[in-house]
Amino acid sequence: MKRMLVALLAAAMLIAIPTGCTKKDPPPAPPSDDAQEREIKDTINIALAYDITSIDPHVGKEMRACIISQQIFDTLVEWDPQGGIGSTILPCLATEWEYLSDTSVQFKLRQGVLFQDGNEMTAEDVKYSMERCMASPQVGYNATWMESVDIVDEYTVVINTHEPYAPMLPALTITPFSIVSKAAASADEKNFGSNPIGTGRYKLVKYTSGEGAQLEAFEDCWRGAPKTKNLDMMIVTENAQRTILLETGEVDIAYEILPNDVAKVEANDALKMATTPGTKCYLANYNTLSKGPIGNKLVRQAIEACIDKQLLVDNVLYGYGTAAYNIVSPANVGYQAVEERPQDLEKARALLTEAGYPGGGFSINLWLDTSNVWMQYAQIIQADLDKVGITLNIEAMESSALQSREANDKDNFDMSVRFMNSLTGDARFTLYNLLYSTSASNKSYWNHPRADELMMQGRAIVDVQASHDLYTELYGIIRDEMPSLPLYFDEILVGLSANVEGFIPRGDGIHVFGSDVVCYK
């Protein structure tokens with residue numbers, strides 16, 4: 003027990019964030035005596051911004067999928083919902099953990115936990131879930147650090163890693179490491195997403211593509227039954243329509259309120275906003291393999307020097323965001339501030355001259371997903387680049403088409419607008435996923451042997467401070483090479499009925515409905 007407590011303390015110290023790194027909304031106040039006497043609605047109606055890919059946590063990797071699967075499944079550990087991502091790791095389906103060695107961590111499982119099909123969760127389910135994640139073509143890249151899972155007894159497992167892996171606990175908080183029912187998933191692997199079985203607060207009743215999902219409270223949940231009986235999560239892709247539905251009372255909660263609609267919501271006494279700093283960095287990936295100008299790091303630096311990032315945040319996001327110079331947010335374990343480069347057109351021109359393009363005189367392509375905000379950003383950047391003689395051709399397309407062209411049309415690929423969501427709250431995990439040479443998420447196709455070496459060394463050191471110098475060098479290389487162009491960190495904007503209580507927005511946008519979330523009539 004003593005060793006377990008030491009491990010818990012070490013883990014808490016590892017993931018602690020210094021006070022003042024990022025703003026957090028205060029936790030919701032407990033309901034008043036009057037509120038406790040009010041009648042709770044049976045159903046909370048929620049407007050989602052996107053359709054879902056798959057509710058199977060080992061298939062649906064996008065945020066839009068996790069928004070639903072996170073209600074149905076649990077993980078071994080989780081971030082403190084009050085502190086948010088990057089704060090403190092808490093027990094969930096695992097009650098304790100102990101480092102047996104640098105590459106082995108033992109987890110004691112919570113006993114008596116039931117799946118939504120009535121079966122009890124055991125070590126067999128945990129081992130099966132981890133191995134299913136590792137083998138998944140969709141989410142397996144999250145588990146490349148994991149070597150094997152051993153069963154000690156019915157309620158104890160050991161997770162083994164290929165080498166010492168410091169971000170293990172933060173990694174285990176994300177949706178791909180959800181614990182699924184082995185009996186249900188193995189019976190019909192292909193269609194498990196249509197009938198997902200987890201241990202979470204809610205179970206799936208119905209999902210209709212393009213329309214949404216209906217969830218029902220799991221009365222036998224180990225956390226206790228939720229106070230709200232049903233969640234009706236409807237898909238409303240038109241941004242302004244979500245605000246309208248909130249205003250008319252047709253929905254109680256609306257995700258991804260547009261920045262220019264926030265004032266409208268706040269001016270309505272029947273509504274309120276729930277906000278928190280986001281973990282997503284919106285960025286432009288450069289094709290570092292390009293034979294054209296973008297292949298030259300000086301050109302990539304010059305493009306950044308053309309852009310007034312804070313002006314973009316103020317004008318397009320109405321101030322609801324932060325200019326980004328690093329690709330990971332301050333809320334991340336292992337974050338370091340880097341050199342901020344304000345707009346400097348003369349510097350941009352000098353860099354272009356040094357790169358062999360005096361006066362610019364070339365065209366580049368920018369591909370982006372269909373988004374009003376991204377298009378506004380792109381058009382302002384287009385005007386700035388024109389000032390130094392660079393023509394920016396903007397092309398919007400569906401996400402699937404963008405992914406295909408990034409992979410298969412490299413001759414015409416210069417830049418693409420994306421976002422990187424630091425789901426684990428750990429910079430070491432995020433940097434590896436985005437920039438390691440062989441990572442599936444490395445859409446810049448950047449290959450820098452020294453950076454690869456630093457990423458592998460850094461993520462093997464448990465003590466964050468001990469790896470500080472390694473990451474200082476790594477961040478310096480990234481700022482010099484510019485494989486991607488950080489633009490801004492978002493702010494999570496959720497509109498609520500004034501009658502909603504207990505809802506805590508998450509920085510990754512994957513909001514989890516705790517047992518106490520209610521909407522009063």
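Residue numbers (my numbering): 3 to 523. Beta carbons: idealized from backbone N, C-alpha and C, even for Gly.
Task: Residue burial classification, G321 (beta-carbon count within 10 angstroms, cutoff 16) - done: exposed
Task: P451, DSSP secondary structure in three states - done: In the displayed model, P451 falls within a helix according to three-state DSSP.
Open item on the list: I'd like the span of the beta strand (DSSP E) that includes V238, first residue to last.
Closed with: V238 -> no beta strand (DSSP E), and no H or E assigned at all.
- [ ] Please say whether V390 and R351 have beta carbons closer to each other than 9 angstroms?
- [x] Cβ atoms of R351 and V390: closer than 9 angstroms.
- [ ] Excluding the 5 residues preceding and the 5 following N444 in the sequence, name in chain order all residues of the same chain whose CB lies nearer than 7 angstroms to its CB.
- [x] These residues qualify, in order along the chain: L436, L437, Y438.
TODO: Decide if M458 is buried, meaning its Cβ has at least 16 other Cβ atoms within 10 Å, or exposed.
DONE: Classification for M458: exposed.
TODO: Count the other CB atoms, across all protein chains shown, that sit within 10 Å of the CB of P198; report buried if there are 16 or more and exposed otherwise.
DONE: buried
- [ ] Assign D388 to one of three DSSP states: helix, strand, or coil.
- [x] helix
Open item on the list: Helix, strand or coil for P459? Go by DSSP, reduced to three states.
Closed with: One detail in the question is off: residue 459 reads as Gln in this sequence, not Pro. Helix.
Task: D416 burial status per 10 Å Cβ neighbour count (16 or more: buried) - done: buried
Task: Coarse secondary structure for Y327, derived from DSSP in three states - done: coil
Task: 3 or more residues per run - each beta strand (DSSP E) lying fully within the region 386-451 - done: 392-399, 417-423
Task: CB contact flag (A67, T77, <9 angstroms) - done: no
- [ ] State buried or exposed for P139, treating a residue as buried only when at least 16 other CB atoms are found within 10 Å of its CB.
- [x] exposed
Open item on the list: If you measure between the beta carbons of R203 and F515, is that distance less than 9 angstroms?
Closed with: yes
- [ ] Closer than 8 angstroms by C-beta to T245: which residues in its own chain qualify, once you throw out the five before and the five after it? Chain order, please.
- [x] A256, I259, L260, D263, K266, V267, G497
Task: Bounding residues of the alpha helix (DSSP H) (the contiguous stretch that carries P172) - done: 170-173
TODO: Output the boundary residues of the beta strand (DSSP E) element that contains V107.
DONE: Per DSSP, V107 is one residue of the beta strand (DSSP E) stretching across 106-111.
TODO: Decide if H60 is buried, meaning its Cβ has at least 16 other Cβ atoms within 10 Å, or exposed.
DONE: buried
Open item on the list: Spatial neighbours of Q108 within its chain, please: C-beta separation below 6 angstroms, excluding the five flanking residues on both sides.
Closed with: Result list for Q108: E100, L102, V160, in chain order.
TODO: In the DSSP assignment, find the alpha helix (DSSP H) that holds E478 and state where it starts and stops.
DONE: Checking the sequence shown, residue 478 turns out to be Gly, not Glu. 470-483 is the span of the alpha helix (DSSP H), which, as asked, contains G478.
TODO: Tell whether a beta-carbon distance below 9 angstroms holds between T426 and P169.
DONE: yes
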